[in-house]
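Asks: Residue numbers (the numbering used here): 1 to 440. Note that beta-carbon positions come from the ideal geometry of N, C-alpha and C, so glycine has one too. Just so you know, these numbers come straight off a predicted model, no measurement behind them. Have a look at this one.
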Amino acid sequence: MSGTRHLDWVSRPVDAVHGACLHGDVVVPGDKSVSHRSMMLSAIAEGTSHIRGFLEGEDTRATAAVLAQLGVSIEAPSDGERIVRGVGLHGLRGSHKPLDCGNAGTGMRLLAGLLAGQSFDSVLVGDESLSKRPMRRVTDPLARMGAQIDSQDGLPPLHVRGGRPLQGIRYELPVASAQVKSALLLAGLYAQGSTEVIEPHPTRDYTERMLAAFGWPIEFSPGHARLEGGHRLRATDVVVPADFSSAAFFLVAASIVPGSSLRLPAVGLNPRRTGLLEALRLMGADIRIENQGESGGESIGDLVVHHAPLHGIELPEALVPDMIDEFPVLFIAAASAQGRTVVRGAAELRVKESDRIATMAAGMRALGIRIEETPDGAIIDGGAIGSGTVHSHGDHRIAMSFAVAGLVATGAVTIGDCANVATSFPGFVKLANGCGFALS
Ligand code: S3P
1 MSGTRHLDWV SRPVDAVHGA CLHGDVVVPG DKSVSHRSMM LSAIAEGTSH
51 IRGFLEGEDT RATAAVLAQL GVSIEAPSDG ERIVRGVGLH GLRGSHKPLD
101 CGNAGTGMRL LAGLLAGQSF DSVLVGDESL SKRPMRRVTD PLARMGAQID
151 SQDGLPPLHV RGGRPLQGIR YELPVASAQV KSALLLAGLY AQGSTEVIEP
201 HPTRDYTERM LAAFGWPIEF SPGHARLEGG HRLRATDVVV PADFSSAAFF
251 LVAASIVPGS SLRLPAVGLN PRRTGLLEAL RLMGADIRIE NQGESGGESI
301 GDLVVHHAPL HGIELPEALV PDMIDEFPVL FIAAASAQGR TVVRGAAELR
351 VKESDRIATM AAGMRALGIR IEETPDGAII DGGAIGSGTV HSHGDHRIAM
401 SFAVAGLVAT GAVTIGDCAN VATSFPGFVK LANGCGFALS
């Protein structure tokens, strides 16, 4: 799908000499994790669910297209709105064609769990990047539940065999992963007995919260979840909060460009997502939360960020799972900070949409930044960011992070292969330029 598209960006420094800076309100799109889950649960619920704030990104649309291919009627009356006529737990129909998850690891891993409990076979495929991502982390525990999923030596495509009776298990995750936890819980809906997941560090709990909202009895607390098969999901309305991971680029951008101030309204503030907020505050950032409230059972608030000089930190390892998607942009904050930043305990970054440690290190070196790669992190010395050309390797978050770097570089930063930004944040360029970026 996206492996063949190429789109390069040029990010130019804002003209600090003439007092240019970032300012205004930036309304970021809906949360990717919540959007995927809202679509999957609505599809297998009984009745019609109305989703608002659905992310119009390629990843989440791919999940919707897969469910439509499996017989679910989904209407899109307006941008961000979906009306899903659920078919019930056993109402999906098999498809002879492969189910294309695009670039989405979340889509593929969660669907593997959901499809393991069906009566029909399915084949899950993905783009070039997704085809290199490890799947044994879901296929191994699902096999222990009785599923049969054939992979290509641990990689997609996944051939999920239907008609296997599933049995609940108690599983201690070797790596903290909300995707693996969620895949097991979704398979657990179809299993005999109890499915219990224990995590080494708590991860985002959207699947647990949403299952409860759809009426499925579930026990959960940070790091633990347990449910039993044999219940039903009842359609409900879902309001998707704005994605903290999309807000993250603007939090760093306004922090590092002198004179800037931005407001990001109604962003999802689930504590399992906001590790970057704490990390940036430890670095000296000035970020406040205003109008805090609740929407669709999730905590939300306006993030108000003003420029502040940043300094390097030793990142507390406990923050890593709560900011797992924010490291590319944290690396840019570290490059613009005074002194040294050390990141450890983040080996998972090597198996994201790209190897995010290697991709960031290569790009940062091309811009003259001193960065030493370690197996599970990096040591970054803050200093001047030079101009040059970097490659995103088709990784959306790397592309947007270097667009932020360009704001404070000594000259233009050219970023290769940015088309995949549409997977998570299709309107990024427009929003960024609307608040003062010079991105073309
Ligand atoms: C996600 C979980 C995380 C995250 C990904 C979205 C989810 O992946 O990196 O972007 O929606 O469950 P892991 O479960 O692999 O840590």
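1. In the structure shown, what three-state DSSP assignment does residue 6 receive?
2. How many angstroms separate the CA atom of residue 85 from the CA atom of residue 63?
3. Report the residue from 342, 282, 245 whose alpha carbon sits nearest the alpha carbon of residue 379.
4. From what residue to what residue does the alpha helix (DSSP H) around residue 359 run?
5. Count the other CB atoms within 10 Å of the CB of residue 421; is the residue buried (16 or more) or exposed (fewer)?
6. Within the present structure, is the beta-carbon of residue 324 separated from the nearest heavy atom of the ligand S3P by less than 7 Å?
7. So the candidates are 106, 334, 89, 74; which of them puts its Cα closest to the Cα of residue 33?
8. Could you name the residues of the same chain whose beta carbon sits closer than 8 Å to that of residue 134, not counting the 5 residues immediately before and after it, in chain order?
9. Can at least three beta-carbon pairs, one atom from the segment 106-115 and one from the segment 176-194, be found at a separation below 8 Å?
10. Using DSSP with H/G/I as helix, E/B as strand and the rest coil, what is residue 147?
11. Note the first and the last residue of the continuous beta strand (DSSP E) segment covering residue 391.
12. If I follow the unbroken alpha helix (DSSP H) through residue 433, where does it start and stop?
13. Less than 8 Å between the C-beta atoms of residue 345 and residue 302, yes or no?
14. Could you compute how far the alpha carbon of residue 46 sits from the alpha carbon of residue 178?
15. Express the C-alpha separation of residue 125 and residue 311 in angstroms, rounding to a whole number.
16. Determine, using beta carbons only, whether residue 244 and residue 269 come nearer to each other than 8 Å.
17. State the Cα-Cα distance for the pair residue 193 and residue 142, rounded to the nearest angstrom.
18. Pop quiz: residue 426 and residue 57 are said to be a contact at Cβ under 8 Å. What is the actual Cβ separation, rounded to whole angstroms?
19. Please identify the residue among 93, 237, 204 whose C-alpha is closest to the C-alpha of residue 180.
20. Indicate whether residue 240 and residue 25 have their beta-carbon atoms separated by less than 8 Å.
21. Would residue 2 be called buried (16 or more neighbouring beta carbons within 10 Å of its own) or exposed?
22. Less than 8 Å separating the beta-carbons of residue 337 and residue 382?
23. Is residue 240 near the ligand S3P, going by C-beta to nearest heavy atom under 7 Å?
24. State whether the segment 203-218 contacts the segment 165-172, with contact taken as three or more CB pairs (one from each stretch) at a distance under 8 Å.
25. For the 8 Å Cβ check, are there 3 or more pairs between the segment 244-264 and the segment 399-417?
26. Can you have a look at residue 119 and say buried or exposed, based on whether 16 or more other CB atoms are within 10 angstroms of its CB?
27. I'd like the span of the beta strand (DSSP E) that includes residue 87, first residue to last.
28. Along the chain, which unbroken stretches of the beta strand (DSSP E) at least 3 residues long are found entirely within the segment 67-136?
29. Residue 161 and residue 121 - do their beta-carbons sit closer together than 8 Å?
30. Between residue 348 and the ligand S3P, is the CB less than 7 Å from at least one heavy atom?
31. If you draw a straight line from the alpha carbon of residue 300 to that of residue 214, how long is it in whole angstroms?
32. Determine, using beta carbons only, whether residue 9 and residue 439 come nearer to each other than 8 Å.
33. Under the criterion of a Cβ to heavy atom distance below 7 Å, does residue 178 qualify as lining the ligand S3P?
34. Taking 7 Å as the cut-off, is the CB of residue 204 close to at least one heavy atom of the ligand S3P?
Replies: Concretely, from the data shown:
1. coil
2. 15 Å
3. 342
4. 356-366
5. buried
6. yes
7. 106
8. 154, 155, 351
9. yes
10. coil
11. 388-391
12. 428-434
13. no
14. 25 Å
15. 43 Å
16. yes
17. 15 Å
18. 6 Å
19. 204
20. no
21. For residue 2, the predicted model reports a pLDDT of 40, less than 50, meaning its position is unreliable; a value from the coordinates is still stated below. So residue 2 ends up on the buried side.
22. yes
23. no
24. no
25. yes
26. exposed
27. 81-87
28. 73-75, 81-87, 122-125
29. yes
30. yes
31. 21 Å
32. yes
33. yes
34. yes
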